[in-house]
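Asks: Residue numbers (my numbering): 62 to 382.
All C-beta atoms, glycine included, are put in the ideal place defined by N, C-alpha and C.
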Amino acid sequence: MARKDIFSSVMNAAPAQTERNDALSYVVTGASRSIKSSFEELAKGSVVELDPELIDGSFVSDRIDDDDQAFQDLLAAIAERGQDSPVLVRPHPSISGRYQIVFGHRRVRAARHLGKFVRAVVKPMADQDHVIAQGQENAARQNLSFIERTLFAKRLGDLGYDHAVVKSALALDPTTFSKMQSVSSNIPENIVLAIGSAKATGRDRWWQLSKFLEQPGNQARAAEFIRSADFAVENSDDRFARLFDCLSNTKRPAPKVGASRTKTWAAKDKSLNAEIKDTGKSFTLALKAKNASRFGAYIADNLDELYRAFRESETVGKTGD
């Protein structure tokens with residue numbers, strides 16, 4: 062997959078610096094840096110060959126488990142035609158003569174397995190630039206699942222990076238970042254690791270699971286379930302589904318057909334309010350305000366998109382969002 066313009070922005074609190082023309086040079090404005098070169102441009106004149114035994118992994122992991130089939134495919138491709146894209150490494154910050162991977166872990170692993178040297182770009186960089194480049198390259202390839210990205214964000218937070226850095230590293234919108242925070246706060250890491258990468262499970266399903274785990278007793282129930290034979294299946298998405306089904310049984314029972322539930326909602330600025338009635342078979346939304354008609358028309362005009370989003374939230378995501 063092409064990596065053109067994969068680094069849209071790199072956050073850094075360092076003072077502004079003069080533009081440099083070396084590989085992976087930065088243009089600095091205040092606390093924000095934009096990587097000037099695309100990866101292809103960077104790689105043209107800056108690639109060296111390194112012994113993979115001299116290269117260590119990143120100081121913060123962004124994967125839960127490896128897709129063995131994907132790795133075997135990569136291994137076969139490198140064995141057949143060589144390493145197409147170089148990896149990015151930096152001189153190891155504490156061990157002279159060694160390097161640390163910024164991105165390209167699987168390519169380094171494949172080269173080590175095949176006994177080949179690794180084509181690499183070597184770039185000195187601070188820890189913060191390292192994690193941002195690592196996160197943005199993964200975001201450009203879009204091969205990390207939602208929960209892997211969530212765990213990576215949590216680990217960055219645990220290392221002391223602020224929200225601006227985390228969101229920049231993973232190119233997160235506010236809604237996704239908020240859901241990630243809920244997931245990482247309510248789902249213990251040991252449960253996440255027991256489930257695995259769950260490549261096909263999207264953010265809304267993980268967020269729903271986090272809501273189940275907010276209920277009293279459910280974390281203990283989940284910890285017990287992941288040790289059971291019912292949970293012990295090979296596929297991580299299946300493990301997620303089994304735990305989800307187990308915990309969803311603890312929800313309050315649905316209202317009986319015919320029983321009506323009524324609640325109200327009001328906009329923060331008090332310009333619009335709504336009365337909501339749910340009988341189980343019908344759902345009525347009544348809007349009341351001077352602009353109720355316009356807002357109601359907006360909802361009606363966007364029903365196709367709203368229903369599509371609803372269906373995605375109800376079904377195990379297929380994109381690993």
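Output yes or no for whether 7 angstroms exceeds the beta carbon distance between H153 and Q161.
Replies: Taking the first residue of the sequence shown as 1, we reach residue 153 at position 92. Taking the first residue of the sequence shown as 1, we reach residue 161 at position 100. By the CB criterion at 7 angstroms, H153 and Q161 fall inside the cutoff.
Asks: To which residues of the same chain is D117 closer than 8 angstroms at the C-beta, ignoring the five residues directly before and after it?
Replies: Taking the first residue of the sequence shown as 1, we reach residue 117 at position 56. Excluding its 5 nearest sequence neighbours in each direction, D117 has C-beta neighbours in its own chain below 8 angstroms: H153, I156, R159, Y160, Q161 and I162, listed in chain order.
Asks: Would DSSP call A187 helix, strand or coil?
Replies: Your numbering for residue 187 matches position 126 in the sequence shown. It is coil, neither helix nor strand.
Asks: Any idea which residues DSSP pairs Y368 with across the strands?
Replies: Along the sequence shown, one-based indexing puts residue 368 at 307. According to DSSP, which records beta bridges pairwise, Y368 is partnered with nothing at all.
Asks: In chain order, what residues of the same chain have a beta carbon less than 6 angstroms from the beta carbon of A171, not counting five sequence neighbours either side?
Replies: Stepping through the sequence shown from its first residue, residue 171 is reached at position 110. Excluding positions up to five away in sequence, the list reads L135, L136 and I139.
Asks: Give the DSSP-derived three-state secondary structure of F305 in the structure shown.
Replies: Taking the sequence shown and counting its residues from 1, the one referred to as residue 305 is at position 244. Helix, per DSSP.
Asks: Going by DSSP, what residues sit across from I337 in a beta bridge?
Replies: Here residue 337 refers to the residue found at position 276 of the sequence shown. Looking at the DSSP assignment, I337 forms a beta bridge with K324 and L346.
Asks: In chain order, what residues of the same chain have a beta carbon less than 8 angstroms from the beta carbon of A255, not counting five sequence neighbours either side?
Replies: For the purposes of this step, residue 255 is identified with residue 194 of the sequence shown, where counting begins at 1. Cβ within range, chain order: I287, F292 and R300.
Asks: Work out the CA separation of V226 and S206 for me, nearest whole Å.
Replies: Position 145 of the sequence shown holds residue 206. Position 165 of the sequence shown holds residue 226. Rounded to whole angstroms, S206 to V226 spans 20 angstroms at the Cα level.
Asks: Mapping the DSSP letters down to three states, classify N363 as helix, strand or coil.
Replies: Counting from 1 along the sequence shown, the entry for residue 363 is found at position 302. In this structure, N363 counts as coil in the three-state DSSP scheme.
Asks: In this structure, what does DSSP give as the bridge partners for E110?
Replies: Here the question's residue 110 lines up with position 49 in the sequence shown. In DSSP, E110 forms a bridge with R180.
Asks: Rounded to whole angstroms, what's the CA-CA distance from F305 to K184? Just pull it up for me.
Replies: Within the sequence shown, residue 305 is the residue found at index 244, counting from 1. Within the sequence shown, residue 184 is the residue found at index 123, counting from 1. Near 43 angstroms, if we compare the C-alpha coordinates of K184 and F305.
Asks: Which residue wins for smallest C-alpha separation from T262, given the options A328, A347, S374 and F178?
Replies: Position 201 of the sequence shown holds residue 262. The candidate whose alpha carbon is nearest that of T262 is S374.
Asks: Have a look at R266, E110, S309 and Q195 and flag the residue whose alpha-carbon is nearest the alpha-carbon of R372.
Replies: Residue 372 sits at position 311 when you count from the first residue of the sequence shown. When each option's Cα is compared against that of R372, the closest is R266.
Asks: From the DSSP output, which residues share a beta bridge with P152?
Replies: Translated into positions along the sequence shown, residue 152 becomes position 91. P152 pairs with Y160.
Asks: Name the one or two DSSP bridge partners that D117 has.
Replies: By 1-based counting over the sequence shown, the position of residue 117 is 56. Answer is Q161.
Asks: Compute the distance between the beta-carbons of S119 and Q195, then report whether it is under 7 angstroms.
Replies: The residue given as residue 119 occupies position 58 in the sequence shown. The residue given as residue 195 occupies position 134 in the sequence shown. Yes, Cβ-Cβ distance for S119 and Q195 is below 7 angstroms.
Asks: Would DSSP call L233 helix, strand or coil?
Replies: Taking the sequence shown and counting its residues from 1, one reaches residue 233 at position 172. Coil.
Asks: Please state if the CB of S297 and the CB of S271 are separated by a distance shorter than 7 angstroms.
Replies: Start at 1 with the first residue of the sequence shown, and residue 271 comes out as number 210. Start at 1 with the first residue of the sequence shown, and residue 297 comes out as number 236. Not a contact, by the Cβ cut-off of 7 angstroms.
Asks: So, E209 versus S258, is the Cβ gap smaller than 7 angstroms?
Replies: Counted from its first residue, the sequence shown places residue 209 at position 148. Counted from its first residue, the sequence shown places residue 258 at position 197. Their beta carbons are under 7 angstroms apart, which means E209 touches S258 by this criterion.
Asks: Out of A347, Q280 and K228, state which residue places its alpha-carbon closest to the alpha-carbon of I248.
Replies: Position 187 of the sequence shown, counted from the start, is the residue given in the question as residue 248. Of A347, Q280 and K228, the residue nearest in Cα terms is Q280.
Asks: Would you mind giving the Cβ-Cβ distance between L111 and V179, rounded to the nearest angstrom? I have them listed as a contact below 8 angstroms.
Replies: One-based indexing of the sequence shown puts residue 111 at position 50. One-based indexing of the sequence shown puts residue 179 at position 118. The Cβ separation is near 5 angstroms, so the contact holds.
Asks: Going by Cα to Cα distance, which pick from F273, E275, L274 and C307 is closest to S289?
Replies: Working through the sequence shown from its first residue, we reach residue 289 at position 228. The shortest Cα separation from S289 among F273, E275, L274 and C307 belongs to C307.
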